[in-house]
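K.L.:
Below you will find the structure I want to go over with you.
There are 2 protein chains.
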Amino acid sequence: MAVTIKDIARQAGVSPATVSRVLSGQTEFYSEKTAKKVKKTAKKLGYQKNTAAVELVTRRSKVIAVIVSSTQTNFSDQIIDGIQQEARQHDLNVIILYAGEKDPQMERKALETVIERSVMGILLVAVDLNPANEDLLVNANIPYQFLSITLKNRKLPFITSDDFQIGYQATKYLVDKGHSEIGFAAADLNSVTGQLRLDGYRQAMADNGLQLNSAWVLGGDFAYEDGVNAMKQYGREPEVTAVIASSDLAAIGVMNQAQDYGLRIPADLAVMSVDGTKLCSIVRPQLTSVTQEFFEMGVRGMQRIINQPAKAAKSTFTPFKIIARQSV
Amino acid sequence: MAVTIKDIARQAGVSPATVSRVLSGQTEFYSEKTAKKVKKTAKKLGYQKNTAAVELVTRRSKVIAVIVSSTQTNFSDQIIDGIQQEARQHDLNVIILYAGEKDPQMERKALETVIERSVMGILLVAVDLNPANEDLLVNANIPYQFLSITLKNRKLPFITSDDFQIGYQATKYLVDKGHSEIGFAAADLNSVTGQLRLDGYRQAMADNGLQLNSAWVLGGDFAYEDGVNAMKQYGREPEVTAVIASSDLAAIGVMNQAQDYGLRIPADLAVMSVDGTKLCSIVRPQLTSVTQEFFEMGVRGMQRIINQPAKAAKSTFTPFKIIARQSV
DNA sequence: TAGTAAAACACAAACGTTTGTGATATTGAT
DNA sequence: ATCAATATCACAAACGTTTGTGTTTTACTA
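Protein sequence lines correspond, in order, to chains A and B.
All residue numbers for the first sequence refer to the UniProt record's numbering, where the first residue is 1 and numbers rise by one.
All residue numbers for the second sequence refer to the UniProt record's numbering, where the first residue is 1 and numbers rise by one.
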């Protein structure tokens with residue numbers, strides 16, 4: 001039913017081969033005159049190319065797949081923006097798939113969907129694959145890149161912030177502001193990311209000769225609720241005078257709960273968040289944060305895919321900085 | 001390089017046809033025994049189906065495309081969740097494409113990408129196509145559905161909230177609370193959505209015998225900044241005692257700016273937002289909102305696509321309700 | 001004007017799958 | 001044991017492109 005290049009060929013009085021070369025932007029094998037003619041009849045007939053056929057014969061596609069864990073946090077927008085920008089410059093299409101929340105089933109489904117379509121590259125943001133899915137990805141022979149996550153498996157290339165340094169610098173920042181009882185909240189302590197931040201936090205405490213109470217470190221899943229729960233643990237008269245929350249939303253959670261307890265921020269309690277999304281400047285008091293360069297992660301991820309097809313790249317860090325606002 | 005059904009056929013000693021029927025879940029034309037054998041060798045060889053080939057011959061695909069305007073607001077997540085739920089139940093894949101911010105170029109690109117792939121259906125959330133792109137979509141002969149937007153062109157099916165009623169009920173709610181000077185802020189007054197809400201607002205004012213000052217209605221683009229700008233217009237000693245902001249973010253904008261002016265909410269100024277995303281309960285004071293059922297929009301949109309292939313559906317409304325929190 | 005090189009084009013195979021139909025094997029009834 | 005009916009399978013065409021190579025036309029040189 002749909003119009004094909006054969007229809008165009010017939011109408012324009014040329015061969016399908018010529019139509020193909022004209023329409024796919026090749027420069028050889030035809031004259032300007034026939035090119036004009038072909039393009040005109042293509043437009044007249046309302047031709048839409050059949051990508052399935054194209055990909056079948058060329059065995060490659062111009063789409064980049066982004067698989068994101070439908071995360072509680074909201075930084076993925078920034079990463080995707082970076083990806084889009086780079087994609088646009090290279091005339092690539094990007095499609096986004098949600099892989100749920102630690103849901104191996106959905107992850108597998110998403111992976112299969114994009115592998116079956118033999119996309120040009122796969123960017124995984126904040127998703128931690130189980131071994132089976134990891135195999136699936138690796139064996140697909142499609143360039144891939146993990147973003148905003150640090151993996152146990154060091155063979156897999158990832159681009160993220162240096163989580164140890166995030167923990168360290170955040171802590172140091174608070175110490176420099178005079179705090180010595182510092183909480184560490186809402187990070188997923190089972191994840192490498194959470195573990196590294198915790199390590200950094202511990203190291204910074206130690207380096208400054210500060211004792212730390214294990215009750216000050218409270219795990220979670222980077223979610224808003226984890227922030228409020230942490231604050232509930234700290235209590236109405238918290239021992240800590242400052243807390244590092246491992247996401248913006250979590251930080252808001254601790255702020256809200258603290259305020260419900262009648263605590264004033266930052267006077268009675270300083271709170272520091274990590275991520276630095278727009279949320280930080282929208283809430284009151286505005287959140288002082290460790291701000292990550294998510295956009296840049298997206299950009300670099302795409303560049304990796306484009307420049308190093310299949311070749312395994314090393315993992316790298318993207319810079320971060322501490323932005324002082326009002327909450328400490 | 002990749003393993004095909006021919007490879008499997010050879011290894012298993014059957015024909016490609018049989019392999020195809022086994023692997024694609026058909027029930028006829030083969031015995032249990034050969035099915036077992038085929039599946040085993042398929043797994044052994046690490047077979048991945050080539051979707052391009054499948055779609056080429058079957059001329060249909062199991063993917064639903066969601067095109068979203070990379071909106072300032074954040075309700076699209078909820079819509080997408082609804083879509084995903086329904087997709088999962090019908091074993092469909094969903095891919096998401098960003099179409100920028102009122103960017104006809106990107107919209108066209110996104111449309112072409114999905115049309116060329118002849119997806120099974122196209123869901124457009126909060127995107128308002130220009131006429132050219134509208135044609136592109138309509139002529140593609142693929143089921144489509146607009147979500148969370150009301151269109152000038154009534155021929156195009158959309159599912160959204162009744163924006164007139166949103167404006168009307170929000171206003172009425174405030175009037176019932178004793179307000180008579182009510183601002184209307186941050187809606188895009190060039191959009192049908194904004195216009196309808198404004199109409200509803202006006203009607204409610206009139207129905208209650210209230211005069212309205214044209215200075216009270218301030219346009220925008222549903223963004224945070226539009227909220228703060230609106231509040232700046234209202235000034236330190238605003239004539240209005242309540243304002244309806246057309247998005248959660250915008251509402252937060254007016255709250256913040258109002259507080260910067262030393263106004264207390266809701267004592268000095270009541271603010272009401274429309275959308276009702278999680279943001280409302282995260283900010284302090286919590287936002288009283290007109291809460292839309294975005295998830296439901298996604299669900300219904302998918303159902304439309306699934307049940308009414310190609311047939312033009314009527315536009316319908318999804319319910320909304322007013323949720324009282326702290327800001328009025 | 002004849003000859004030749006290059007430009008313009010057409011042919012046909014190939015990509016990996018699905019599916020209608022024809023061929024063969026199996027089963028059951030008599 | 002014979003036959004029909006059915007179950008199991010293989011053949012081959014088709015989907016819409018791309019692309020290597022062969023063929024014709026054009027343009028240029030001498």
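The C-beta atom is built at its ideal place from N, Cα and C for all residues, glycine as well.
1. Is the shortest distance between the beta-carbon of T113 (chain A) and the beta-carbons of chain B less than 9 Å?
2. Starting from A53 (chain A), find everything on chain B with Cβ-Cβ shorter than 7 Å and list it in chain order.
3. Could you tell me whether any Cβ in chain B is nearer than 9 Å to the Cβ of A310 (chain A)?
4. Measure the beta-carbon distance from A204 (chain A) to Y168 (chain A) and round it to whole angstroms, keeping in mind my assumption that it falls under 8 Å.
5. Where does A275 (chain A) fall in DSSP's three states?
6. Contact check, V175 (chain B) vs A270 (chain B) under 8 Å by CB: the rounded distance?
7. Run down chain B in chain order and give the residues with a C-beta less than 7 Å from the C-beta of Q165 (chain A).
8. Report yes or no: is there a C-beta of chain A within less than 9 Å of the C-beta of L123 (chain B)?
9. Looking only at C-alpha atoms, which of A:V240, A:S247, A:E239 sits nearest to G227 (chain A)?
10. Would you list the one or two residues that DSSP bridges to F29 (chain A)?
11. Name, please, each residue of chain A whose Cβ falls closer than 8 Å to the Cβ of residue 330 (chain B).
12. Can you list, in chain order, the residues of its chain with a C-beta nearer than 7 Å to that of L189 (chain A)? Leave out the 5 residues immediately preceding and following it.
13. Could you round the C-beta distance between T291 (chain B) and A324 (chain B) to whole angstroms and report it? I think they count as a contact, below 8 Å.
14. For the segment 211-233 of chain B, enumerate the residues whose C-beta is nearer than 9 Å to any C-beta of chain A, in chain order.
15. Name the DSSP bridge partner or partners of Q11 (chain A)?
16. Which residues of chain A have a Cβ atom closer than 9 Å to the Cβ of Q259 (chain B), listed in chain order?
17. So N130 (chain A) contacts chain B; which residues on that side make the cut at Cβ distance below 8 Å?
18. Is it true that the segment 121-134 of chain B meets the segment 87-107 of chain B, where meeting means three or more beta-carbon pairs spaced less than 8 Å apart?
19. Less than 9 Å separating the beta-carbons of I95 (chain B) and V114 (chain B)?
20. With 16 as the cutoff for other CB atoms within 10 Å, does R21 (chain B) come out buried or exposed?
21. Taking only the alpha-carbon atoms, compute the straight-line gap between V68 (chain A) and A9 (chain A) and give it to the nearest angstrom.
22. Taking all protein chains shown into account, do 16 or more other C-beta atoms lie within 10 angstroms of the C-beta of E293 (chain B), making it buried, or fewer, making it exposed?
23. Starting from the beta carbon of N256 (chain A), find every residue of chain B whose beta carbon is closer than 8 Å, and list them in chain order.
24. Return the residues of the segment 93-108 of chain A that lie within a Cβ-Cβ distance of less than 7 Å from chain B, sorted by chain order.
25. Is I244 (chain A) helix, strand or coil by DSSP?
26. Which same chain residues end up closer than 7 Å to D7 (chain B) when comparing Cβ atoms and leaving out the 5 residues on each side of it in sequence?
27. Could you compute how far the alpha carbon of T58 (chain B) sits from the alpha carbon of L137 (chain B)?
28. According to DSSP, residue 339 (chain A) sits in a beta bridge with which residue or residues?
29. Within the continuous alpha helix (DSSP H) that includes F294 (chain A), where are the two ends?
30. Below 7 Å CB to CB, which residues in the same chain sit around S161 (chain B) once its five sequence neighbours on both sides are set aside?
31. Under three-state DSSP, which class holds A230 (chain A)?
32. Measure from the C-beta of residue 330 (chain A) to each C-beta in chain B and report whether the shortest distance is under 9 Å.
33. Chain B partners of Q84 (chain A), CB-CB under 9 Å?
34. Excluding the 5 residues preceding and the 5 following V119 (chain B) in the sequence, name in chain order all residues of the same chain whose CB lies nearer than 6 Å to its CB.
35. For the 8 Å Cβ check, are there 3 or more pairs between the segment 40-54 of chain B and the segment 258-274 of chain B?
36. Under 9 Å, do A267 (chain B) and E239 (chain B) count as touching if we go by C-beta distance?
P.N.:
With the structure as the only source:
1. As a first step, residue 113 (chain A) must be located in the first sequence, where it is residue number 113. T113 (chain A) counts as touching chain B.
2. Position 53 of the first sequence holds residue 53 (chain A). Neighbours of A53 (chain A) on chain B, chain order: L56.
3. The residue you call residue 310 (chain A) lines up with position 310 of the first sequence. Per-residue confidence for A310 (chain A) stands at a pLDDT of 49, beneath the threshold of 50, marking its modelled position as unreliable; the derived number appears in the next sentence. So, not an interface residue.
4. In the first sequence, counting from the first residue as 1, residue 204 (chain A) sits at position 204. In the first sequence, counting from the first residue as 1, residue 168 (chain A) sits at position 168. About 5 Å; that satisfies the 8 Å criterion.
5. Mapped onto the first sequence, residue 275 (chain A) falls at position 275. Per the sequence shown, residue 275 (chain A) should be read as Asp rather than Ala. Reduced to three states, the DSSP call for D275 (chain A) is strand.
6. Here residue 175 (chain B) refers to the residue found at position 175 when the second sequence is read from its first residue. Here residue 270 (chain B) refers to the residue found at position 270 when the second sequence is read from its first residue. Contact doesn't hold; Cβ gap of about 11 Å is too wide.
7. Along the first sequence, read from residue 1 onward, the residue named residue 165 (chain A) stands at position 165. What Q165 (chain A) touches in chain B: nothing, since even the nearest Cβ is about 28 Å away.
8. Locating residue 123 (chain B) in the second sequence gives position 123, where the first residue counts as 1. Taking Cβ atoms only, chain A never reaches closer than 9 Å to L123 (chain B), which makes this a no.
9. For the purposes of this step, residue 227 (chain A) is taken as the residue at position 227 of the first sequence. Of the listed residues, the one whose Cα sits closest to G227 (chain A) is A:S247.
10. Locating residue 29 (chain A) in the first sequence gives position 29, counting from the first residue. Answer is none; F29 (chain A) lacks a bridge partner.
11. The structure shown does not extend to residue 330 (chain B), since chain B spans only 1 to 328, so no value can be given for it.
12. Working through the first sequence from its first residue, we reach residue 189 (chain A) at position 189. Excluding sequence neighbours, L189 (chain A) sits near Q195, L198, G219.
13. Here residue 291 (chain B) corresponds to residue number 291 of the second sequence, with the count starting at 1. Here residue 324 (chain B) corresponds to residue number 324 of the second sequence, with the count starting at 1. At roughly 10 Å, the Cβ-Cβ gap does not stay under 8 Å, so T291 (chain B) and A324 (chain B) are not in contact.
14. Considering only beta carbons, the part of the segment 211-233 of chain B lying closer than 9 Å to chain A consists of Y224, in chain order.
15. As a working mapping, residue 11 (chain A) is identified with position 11 in the first sequence. DSSP, once it has assigned bridges, lists no residue as partnering Q11 (chain A).
16. Here residue 259 (chain B) refers to the residue found at position 259 of the second sequence. Per Cβ cutoff of 9 Å: R284.
17. Here residue 130 (chain A) refers to the residue found at position 130 when the first sequence is read from its first residue. The premise fails here: N130 (chain A) is roughly 18 Å from chain B at the closest Cβ pair, so nothing lies under 8 Å.
18. yes
19. Here residue 95 (chain B) refers to the residue found at position 95 when the second sequence is read from its first residue. Here residue 114 (chain B) refers to the residue found at position 114 when the second sequence is read from its first residue. Annotated as proximal: I95 (chain B) and V114 (chain B), with beta-carbon spacing under 9 Å.
20. For the purposes of this step, residue 21 (chain B) is identified with residue 21 of the second sequence, where counting begins at 1. It is buried - the Cβ of R21 (chain B) has at least 16 other Cβ atoms within 10 Å.
21. Here residue 68 (chain A) is taken as the residue at index 68 of the first sequence, counted from 1. Here residue 9 (chain A) is taken as the residue at index 9 of the first sequence, counted from 1. Rounded to whole angstroms, V68 (chain A) to A9 (chain A) spans 43 Å at the Cα level.
22. Counted from its first residue, the second sequence places residue 293 (chain B) at position 293. E293 (chain B) comes out buried.
23. Position 256 of the first sequence holds residue 256 (chain A). Near N256 (chain A) (Cβ distances below 8 Å), the residues of chain B are I282, R284.
24. N93, I95, I96, L97, Y98
25. The residue you call residue 244 (chain A) lines up with position 244 of the first sequence. Correct three-state label for I244 (chain A): strand.
26. For the purposes of this step, residue 7 (chain B) is taken as the residue at position 7 of the second sequence. Excluding residues within five positions, the ones whose Cβ falls inside 7 Å are L45.
27. Against the second sequence, residue 58 (chain B) aligns to sequence position 58. Against the second sequence, residue 137 (chain B) aligns to sequence position 137. Cα-Cα distance, rounded: 21 Å.
28. No answer is possible for residue 339 (chain A): it lies beyond the span of chain A, which begins at 1 and ends at 328.
29. For the purposes of this step, residue 294 (chain A) is taken as residue 294 along the first sequence, with counting starting at 1. Start and end: 294-307.
30. Position 161 of the second sequence, counted from the first residue, corresponds to residue 161 (chain B). These residues qualify, in order along the chain: Q292, F317, T318, F320.
31. Taking the first residue of the first sequence as 1, we reach residue 230 (chain A) at position 230. Three-state DSSP puts A230 (chain A) in a helix.
32. Outside the shown range of chain A (1 to 328) lies residue 330 (chain A), about which nothing can therefore be said.
33. Sequence index remark: in the first sequence, residue 84 (chain A) carries index 84 (1-based). The contacting residues are S70, Y98, G100, M106.
34. By 1-based counting over the second sequence, the position of residue 119 (chain B) is 119. So the list reads S61, V63, A65, once near-sequence residues are dropped.
35. As far as the Cβ criterion goes, the segment 40-54 of chain B does not touch the segment 258-274 of chain B, which means the pair count is below three.
36. As a working note, residue 267 (chain B) is residue 267 in the second sequence. As a working note, residue 239 (chain B) is residue 239 in the second sequence. Cβ atoms of A267 (chain B) and E239 (chain B): not closer than 9 Å.
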